[in-house]
Amino acid sequence: MANGYAGKILKIDLTTKKVEEIPTSKYEQWGGGHGIGSALFWDLCEDKTVAGTNPKNVVTIMTSPLSGTLTPTASGRTEVQGIGLQGYPLGWFTRSNFGGRFGTQLKYAGWDGIAVVGKSDKPVWINIQNGKVTFEDAKHLWGLDTWETQEDIWSTVQADVGNWNELGATRDGGRTTQRPAVLTIGPNADKYGPMASLIHDAGNGAGQGGFGGVFASKNLKAISVIGSGGVKVADPNALMESRLWLQQYASGEHQDNPHKIPGEWALGSPPGFVLAPFPEGTTTRPQGCVGCVKNCRSRTSTGIGNESSCIDVMFSNSGVVGGANSPMDYFKSSDLAQRYGLNVFSLMGALQWLQNLYKQGVLGPGKAINSSLDYAHMGSHEFVKSLLDSIVHQTDVGKDLALGLWQCAKKWGRLEQDLDTGILALMCWGYMHHYDGRTEAEWGYGSLMCERDINEHDFNWIVYWCSTLWSLFGYTPPITAERMAKIITDKMAPYAGDMKMVDYSDEGIYSESMAKTVAWHRHYTRYYKQSLGFCDWGWADFVNPYGPDFEGATGGEPKFFNAVTGQNQSFEEGVEVGRKIFNLDRAIWALQGRTREMEVYAGYMYNVGSTTVPGAANAGYEAPYVMPVIEDGKWIYKNVGGRKADRQKVEDWKTKYYALEGWDTTTGQPTRKTLEELGLTEVADTLEKAGKLGKA
Amino acid sequence: MTVSSTIGREDAARFARVVEPDEQLTVVKMAPMAGNSLMFISSLAGAEAWLKPISAEEAAGPTASMRIHYVDPGALASWVRDTIGDAELAAALDDVIGTGNAFGLLVPEMKKLIADRIAECRAVLGEEE
Amino acid sequence: MDDNVKKRDDEPTEAQGVSRRQFISGIGVVGFGAVLGGLFVKGLLLPDETLAIPASGGYLLIDTRKCAGCTSCMLACSLTHHGEENYGLSRIQVVQNPYGSFPKDVQLSQCHQCPFPACVEACPTGANHIDTEHGNVRTVDVRKCIGCERCVQACPFTPSRALWNYEEKHAQKCDLCADTPHWNTQGGPGGKQACVAVCPTKAIAFSPDIPQQSEAGYNEVDLGHTGAAWNYWGFNGGTKAEH
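Residue numbers (the working numbering), protein chains in the order written: chain A, 570 to 1265; chain B, 223 to 351; chain C, 7 to 249.
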C-alpha cells in the first residue's frame, strides 16, 4: 500500500535468537516513532516496573512513514524508547532519538522499526539485510569503540561500497551502492551503562537515557541494516511540491541574499551551523541527515569533528576554566566522546560539578574525594581525555562517575546538598540542566511533566535565544515582543488566540495560559517531532526571517504527512494524536510508580536565582535570560534572570496543568474519562487494576 | 558622569588597585550557544578593557564567530561597590542599569563611566595616561 | 575511419529520413557500429559520410564541495520517476564516508550524458538510445529493453550510471527528467530536473554546454562554494576563533 509504511516491524528476541514480524497496520493509528514505540512497549513489556537492565525490558527503535522520503528534516530521524538507566529516582520509561541514515536503510530493508526483547547469552550484533536477519558473534567487537565497530561491520557486510551490490541471491533482490547503517555502543559499555549512548556513523547519537547501557545489558553490541527496497508514497507530486515550498524557509534557497539577523532560528539558520567555530584554516562542507533541507552538521578537512555539533562540541567548552581551550581541543574532545559513546550532557554536568568540588577543596590529590586528574587544566583536551578514559576504564573518579551522575553523588554522600546548591545542576529527573525552568518556564515544566530534560527547542529558539541575542548585541529587534507572541500563539491550535501563552513574566509563568503552552508543547512534540520525526532543529519553525513577515512554516507539517500517507489529517488532529500518545506515556509512568510528589525540581531551582554568574547554579552556555513579557499591560523584551522558582506557586501551577489535561489533580494520573475519550479504555482498566487510575 | 570631581589620593589608590585572587570578578566570554569561557577581572582597568561594544557589522556576522564579553551588570555594580569600594561609581552604574536597556546598549555607557573614573584616579595619583 | 563505414545504396542521404532500424542494419554490415575515436558509437551518417553523434542537450554539474550528503537528489530522482523512494532506482548516486576528510568524504555519481555514450553503443536492441525528441538525452526505451545489462557493464564509470530496475525488470538511466510521470513539471533538457530543484545547498546545476570530459569538468565546478554566502557561513575557513 502506498502510504509510506514498510508494513512490518521486526521483533528480535535475543534470548531465543528468533525473529518475528509484527504487522505495522496494528499500530498505524499512533503515527510512527514514539507513538508506535509507546504502544508496542505497552503490549510487549509485561512488567513495567522492571529495571532497565532486566531482560524483560523492551527497546524499540522506530521510524515513521516519512522516514526515507523527501520530507525535509523528518526523513532522517529514528526514535529509541525503553526503560532507561539514567533517571532519578528510578530509570523511567524514556526516549531518545538520532539522525543520519539508519532509519532510511531500515525502511528500505522492509521494516518500519525494531523491538528488541530478552538478553543474549553472549555478545552479538544483529545483521539485517532486507528480510534476512542473523545474529552474529560480537566478542571481537565488544571492546572496540563506536567508529572501530562500524568500520569492522561495514567491511563484513559490504566489501565494495560505492559499486552496485546485490543483496539477494540474484539481481531480482535489488542492488545498492550504499554503506550499511550501523547503530552501536561504545567499548565495554556495560561498565558505564547509565552514561552510555547509542552512536550511528560519526556523530549521530541517541545520547540520553543510558540506552547504551541497556543494549550492553542485553549483550547487544550493534545493529547493522542495509536495504535495497523502497517506500511507496501516496502522492509523489504533492510531496515534491511540499518539499519545494518548505525549501523557501531554509537558508540554502537564499544564497543570493542570506539573512544576517542575529538569533537562533529553526529552519532559518544557516547550513553547517555547528554552533562552534572551527580551528583556523579548517574548511568544511555542511552535512545532514537523509533528506534534510537545513543540514546542520559538518565534515571537516582534518576529519576531526565530523558530524558533531552543539553539545557534542560545547560540553568541554562551557563554563570550565583553565588550560588551553582551543577549537581543536574541543573538536578532539567531541570525537572522543562519540567514539566512547558517552552522554555529552552528562559529561558537561560532570565537568562543572568536578570544577566546583575542586574549587571548594573537596576534590583533588589527597582530598576528601581523592583524584589525581589535572584539575588546573580542565579546559584542555588532555584533561577531557583523562576524564573520559577514567569513566570508560573505571579508574580514579571515573569509577564512580560510571555509575551515573546522581548515582555517583549519592555514593559520595553529597546528592542532596549538591542538588540544593546547584553545583551538581541536575534540574530534574537526574538530567543535566539544559535550559532554565526558572526563566524559560515551558522548558522546565515540560521536563517536569515528562521524565527527562525535554530537549525540545520549539519555543526556546525564538522566545529565549532571539530575544537574548538581540539584547546582548543591542540590536533593534526585527519584530516586537507583541508580534513575536502573536505569530507563535496563532500556531498553537487548539489554544490559538491566547497570547499570554508566551508571557514569561513573574506572574505569567504560573498562569493557566502557561499550562496551555506546556500542554500544547507536549502534544505537538509527541506527535510531529517524536512520532513523525520532524527534527527539533527544524521545528517548530514559529518565526523565520525568510517567512512572509517573519512567519515560519509551522502548520505545514500535514502537507508532508498527507502527501506520503494519502490521509487527510489536519494540524490540529495531529496534535490530538500527540495528546493520546502523551497520556499513554503518563499511564506507563504511573505503573512505574510515578507520583505528584516526585514531579519537583532539584533544590537549587527553588533556593538560588537563575544567573549566568559562573560558579553558581549552572552557567553552562546560557546567556542572560531575556524573554517576551507583559508588563503594565504592554509587551516588552525583559531580562527575567535572577528568578527562583517559587515552590508553592509551582505546585499550584501543577494543579492547573493536571486539570487542563484531564488528570487527577491529587496524583497527576490520567482519569478514566480522559483515557476513554482518547480510545484508551484498556489502559484505564490496567491502571485501575494496579490502583494507579486517576480519580475524576 | 555623576561622580564627584574630587577624590582623595587614598581613594584613588584604592579604586585603581589590583584586587586579591579571591576578590576577582568572574566574567564570561560567550560564543552564543557555542560555549562560555570563564575569565577573571582584578581591577577597574580590567573591567573597562573587558567591556566591548558590539559593532553593527559584528552583529550581522555569522553567529558562530561572535564573541560577547559578558558580565552581569548587577554583579559588576555590586563588585565595584563592595570590593573596589567605589560607592559613587557603583551608583552611577546602577542608574545606567536602571534604564532597563538591553545589555548591548548598557555596555558603552558603563565602559565610559569606568574609563572616566580611571582617568580621574590617574590624574590624582599623578600617573601618566 | 571512413573505410569502415559503407553507405548502402538505397539509404537516404538526409539524416532525418534514416529510421533507427535502417541505421542499425546499415552499420551492422560492418560490425556493431562505426569506430570513432576508439569508441563504438551510433551516430548519424551525414551526406559526406562523416559520422556524427548528436550531443546531449544537457548535463548535470555538481559542486562537490557544497554537497551536504543528504541524498535528497536520490530521493527526488526515484520519487519523480517511479513514485517510490528507493536508492536502488535512483539514477544519481551519492556515497559517503562518515570518517573521511572533506572534500574526499563524499562521492557524487551522476550520468555524464557522454558525447560518445558507451551505454547506447552497447545496447543490442536500441533500447538505450539517443532521444531526439527530448534534447538528445541518452535514455532507455523500456519497451525495447531485453535485460541483458550490457549497458550497465559498458558504462566506464563506477558505479555504472546505467542501472538495473529490479522491480520493472529493465535498465534505466538519467534522462534529465524527460520522463517523470510522478512530477507535474516539464522535464528534459528544456525543462527542470528534480535533483537540481531539491538540492538544499544548490550543489547541482543543469548546463546545456558539454563539460570538459573529466571528473573535474563535471564535479569540481564552482556553483558558489567560493561565493559570498558560503564565505559568510564559514565553510572556507574564514571564521577566526578568538581565544
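For each residue, glycine too, the CB sits at the ideal point set by N, CA and C.
Taking residue i as the query, report the chain C residues whose CB atoms sit under 8 Å from its CB, ordered along the chain.
{"i": "Glu876/A", "result": "Pro104"}
{"i": "Cys879/A", "result": "Going along chain C, no residue has its Cβ under 8 Å from Cys879/A, so there is no contact; the nearest lies around 15 Å."}
Can you check which of these residues, the options, is closest to residue i by C-alpha distance?
{"i": "Arg289/B", "options": "Pro275/B, Ala253/B, Ala312/B and Ser265/B", "result": "Ala253/B"}
{"i": "Lys863/A", "options": "Thr753/A, Glu1051/A and Trp1106/A", "result": "Trp1106/A"}
{"i": "Asn1176/A", "options": "Ala1159/A, Asp989/A and Lys760/A", "result": "Asp989/A"}
{"i": "Val853/A", "options": "Lys110/C, Gly196/C and Ala168/C", "result": "In the sequence on display, residue 853/A carries Thr and not Val. Checked all of Lys110/C, Gly196/C and Ala168/C; the closest Cα to Thr853/A is Lys110/C."}
{"i": "Gln1099/A", "options": "Thr629/A, Val685/A, Lys587/A and Leu995/A", "result": "Thr629/A"}
{"i": "Ser96/C", "options": "Ser107/C, Gly106/C, Ile59/C and Ala82/C", "result": "Ala82/C"}
{"i": "Ile68/C", "options": "Gly230/C, Ala234/C and Asn225/C", "result": "Asn225/C"}
{"i": "Ala738/A", "options": "Gly700/A, Glu1076/A and Asp729/A", "result": "Gly700/A"}
{"i": "Thr186/C", "options": "Gly89/C, Ala74/C, Pro60/C and Gly64/C", "result": "Gly89/C"}
{"i": "Asn626/A", "options": "Leu609/A, Lys1055/A, Pro641/A and Ser633/A", "result": "Leu609/A"}
{"i": "Gly602/A", "options": "Arg646/A, Trp998/A, Ile697/A and Lys760/A", "result": "Arg646/A"}
{"i": "Ile652/A", "options": "Arg670/A, Val685/A and Thr638/A", "result": "Val685/A"}
{"i": "Val1146/A", "options": "Trp1089/A, Pro1197/A and Gly1162/A", "result": "Trp1089/A"}
{"i": "Gln219/C", "options": "Gly233/C, Phe163/C and Gly243/C", "result": "Phe163/C"}
In chain B, which residues lie with their C-beta within 8 Å of the C-beta of residue i?
{"i": "Gly1178/A", "result": "Here the premise fails: no neighbours, minimum Cβ distance about 11 Å."}
{"i": "Leu1041/A", "result": "Met252, Pro254, Ile276, Ile290, Tyr292, Ala324, Phe325 and Gly326"}
{"i": "Leu956/A", "result": "Result: empty, since nearest Cβ-Cβ is about 17 Å, beyond 8 Å."}
Listing by chain order, which chain A residues have their CB less than 7 Å from the CB of residue i?
{"i": "Pro243/B", "result": "Correct list: empty, because the minimum Cβ distance to chain A is about 12 Å."}
{"i": "Ala160/C", "result": "What Ala160/C touches in chain A: nothing, since even the nearest Cβ is about 14 Å away."}
{"i": "Asp111/C", "result": "Arg868"}
{"i": "Tyr238/C", "result": "Pro827"}
Measure the alpha-carbon distance for residue i versus residue j and round it to whole angstroms.
{"i": "Glu705/A", "j": "Gly762/A", "result": "22 Å"}
{"i": "Ser62/C", "j": "Ile136/C", "result": "8 Å"}
{"i": "Pro330/B", "j": "Arg1052/A", "result": "29 Å"}
{"i": "Thr703/A", "j": "Ser84/C", "result": "29 Å"}
{"i": "Ile306/B", "j": "Phe237/B", "result": "6 Å"}
{"i": "Leu45/C", "j": "Glu822/A", "result": "Reliability of the predicted coordinates at Leu45/C is poor, the pLDDT of 36 falling under 50, and the value obtained from them is presented with this limitation in mind. Leu45/C and Glu822/A: Cα-Cα distance of roughly 41 Å."}
{"i": "Trp611/A", "j": "Asn1029/A", "result": "32 Å"}
{"i": "Gly1210/A", "j": "Lys586/A", "result": "55 Å"}
{"i": "Gln598/A", "j": "Cys120/C", "result": "49 Å"}
{"i": "Cys180/C", "j": "Ala168/C", "result": "8 Å"}
{"i": "Val751/A", "j": "Gly656/A", "result": "26 Å"}
{"i": "Gln650/A", "j": "Phe1111/A", "result": "28 Å"}
{"i": "Cys861/A", "j": "Ala919/A", "result": "33 Å"}
{"i": "Asn806/A", "j": "Leu639/A", "result": "11 Å"}
Can you find the residues in the same chain that come closer than 6 Å, C-beta to C-beta, to residue i, ignoring five residues on each side of it along the sequence?
{"i": "Gly837/A", "result": "Asn1113, Pro1114 and Tyr1115"}
Residue i versus chain B: which residues are under 9 Å apart at the beta carbon?
{"i": "Tyr1044/A", "result": "Ile276, Ala278, Ala281, Ala282, Ala324 and Gly326"}
Under 7 Å between beta-carbons, which chain C residues line up against residue i? List them in chain order, please.
{"i": "Ser870/A", "result": "Ser107 and Phe108"}
{"i": "Ala771/A", "result": "Pro104 and Tyr105"}
Ignore the nearest five residues each way along the sequence and tell me which others in residue i's own chain have a CB closer than 7 Å to its CB.
{"i": "Ala1159/A", "result": "Gln1238, Leu1256 and Lys1261"}
{"i": "Ala1259/A", "result": "Leu1160"}
{"i": "Thr851/A", "result": "Thr869, Ser870 and Thr871"}
{"i": "Ala312/B", "result": "Ala299, Val302 and Arg303"}
{"i": "Val112/C", "result": "Thr70, Cys73, Gly75, Val100 and Gln102"}
{"i": "Val1252/A", "result": "Leu1153, Ala1156 and Leu1244"}
{"i": "Asn1131/A", "result": "Asn1137 and Gln1138"}
Looking only at its chain, what residues have a beta carbon closer than 8 Å to the beta carbon of residue i, apart from the 5 residues adjacent to it on each side?
{"i": "Phe914/A", "result": "Gly776, Gln777, Ile880, Phe884, Tyr1000, Met1001, His1003 and Asp1022"}
{"i": "Thr746/A", "result": "Val730, Gly731, Asn732, Trp733 and Asn734"}
By the criterion of Cβ-Cβ separation under 7 Å, what are the contact partners of residue i in chain B?
{"i": "Lys829/A", "result": "Ala282"}
{"i": "Leu1038/A", "result": "Pro254"}
Chain C partners of residue i, CB-CB under 9 Å?
{"i": "Arg1095/A", "result": "Here the premise fails: no neighbours, minimum Cβ distance about 25 Å."}
Please list the residues of the segment 721 to 754 of chain A that have a C-beta atom closer than 8 Å to any C-beta atom in chain C, keeping them in chain order.
Val730, Gly731, Asn732, Trp733, Arg740, Asp741, Gly742, Gly743, Arg744, Thr745, Thr746, Gln747 and Arg748
By the 9 Å beta-carbon criterion, what residues does the segment 275 to 290 of chain B contribute toward chain A?
Pro275, Ile276, Ala278, Glu280, Ala281, Ala282, Gly283, Pro284, Thr285, Ala286, Ser287, Met288 and Ile290
Can you give me, in chain order, the residues of the segment 795 to 818 of chain A that have a beta carbon less than 7 Å from any beta carbon in chain C?
Ser797, Gly798, Gly799, Val800, Lys801, Val802, Pro805, Asn806, Leu808, Met809, Arg812, Leu813 and Gln816
Taking a Cβ distance cut-off of 9 Å, strictly less, list which residues of the segment 704 to 719 of chain A are near chain C, in chain order.
Listed in sequence order: Trp716 and Gln719.
Interface residues of the segment 63 to 74 of chain C facing chain E [CB-CB below 9 Å]
Here the protein chains are A, B and C, and chain E is not one of them.
Given a limit of 7 Å on CB to CB distance, which residues of the segment 128 to 150 of chain C reach chain A?
none
Which of the residues in the segment 660 to 687 of chain A, read from start to end, lie with their CB under 7 Å from any CB of chain C?
Tyr677
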